[in-house]
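Undergrad: Would you mind keeping the following structure in view while I ask a few things?
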Amino acid sequence: MKPKLETQRDVDHKNAAKHKVESAWDCKIVDLYEPLYRLDWWIPEKNVYIEHKQRAVSKSKYPDIILSLSKVMMMSDFISVLGARCFFVVGFTDGLMYTEIKEKNDYPVTASGRTDRGIEGDVEPCIRIPMSSFNDIN
Numbered sequence: 147m148k149p150k151l152e153t154q155r156d157v158d159h160k161n162a163a164k165h166k167v168e169s170a171w172d173c174k175i176v177d178l179y180e181p182l183y184r185l186d187w188w189i190p191e192k193n194v195y196i197e198h199k200q201r202a203v204s205k206s207k208y209p210d211i212i213l214s215l216s217k218v219m220m221m222s223d224f225i226s227v228l229g230a231r232c233f234f235v236v237g238f239t240d241g242l243m244y245t246e247i248k249e250k251n252d253y254p255v256t257a258s259g260r261t262d263r264g265i266e267g268d269v270e271p272c273i274r275i276p277m278s279s280f281n282d283i284n
């Protein structure tokens with residue numbers, strides 16, 4: 147199992163994004179126990195599960211965003227078993243965006259991840275989601 151690398155700054159970004167989503171989507175978000183559910187948030191009254199990532203770059207820096215295939219597979223399970231909807235929410239230096247993850251998609255799968263930390267498992271199968279698939283959260 148990979149070590150938990152979340153810093154207080156990461157927690158602060160995640161909480162700010164959570165409050166913004168709650169306000170924009172008129173909902174109450176429940177934090178999930180990530181080692182068990184692999185995703186960050188749940189909106190019980192909407193049957194929605196959400197993965198959140200924070201990036202220290204602008205929205206226009208890269209043509210796509212990666213998401214771990216294991217998280218996509220967990221989302222697919224929530225969709226097929228529970229009839230849930232799943233979203234990927236990404237914070238950037240210049241805004242917060244989201245895209246819906248479907249049970250089946252045609253995003254390319256590549257070996258992606260960080261190589262600067264020397265942590266086994268940092269490079270893994272990931273899907274590449276084009277930035278054009280994302281919408282702003284206002």
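Each residue of the sequence shown is one higher than the one before, counting from 147 in our numbering.
All residues carry an ideal CB built from backbone N, CA and C; glycine is no exception.
#1: Helix, strand or coil for GLU246 per DSSP?
#2: At what residues does the beta strand (DSSP E) containing LYS217 begin and finish?
#3: Going by alpha carbons, who is nearest to LEU242 out of LEU228, TYR253 and LYS199?
#4: What do you get for HIS159, buried or exposed, if any count of 16 or more other CB atoms within 10 angstroms of its CB means buried?
#5: Could you give the distance in angstroms between the alpha-carbon of PHE233 and the alpha-carbon of GLY267?
#6: Residues bridged to VAL286 by DSSP?
#7: Leaving aside the five residues before and after GLY259 along the sequence, list all residues of the same chain whose C-beta is less than 6 Å from its C-beta, in chain order.
#8: Among ASP223, PHE224 and LYS205, which residue has its Cα nearest to the Cα of SER279?
#9: Taking the Cβ atom as the reference point for each residue, do GLU168 and LYS174 lie within a distance shorter than 8 Å?
#10: Could you compute how far the alpha carbon of VAL235 sits from the alpha carbon of ILE265?
#11: So PRO276 is in the beta strand (DSSP E); what residue range does that whole segment cover?
#12: Per DSSP, ILE283 forms a beta bridge with which residues?
#13: Using CA atoms only, rank isn't needed, just tell me which of MET219, TYR208, CYS272 and ARG201 is closest to ASP156.
TA: Reading off the structure:
#1: strand
#2: Where LYS217 is concerned, there is no enclosing beta strand (DSSP E), although the alpha helix (DSSP H) it sits in stretches over 215 to 228.
#3: LYS199
#4: buried
#5: 24 Å
#6: What is shown of the chain runs 147 to 284, which leaves residue 286 out entirely.
#7: ASP268, VAL269 and GLU270
#8: LYS205
#9: yes
#10: 25 Å
#11: 269 to 276
#12: Answer is none; ILE283 lacks a bridge partner.
#13: ARG201
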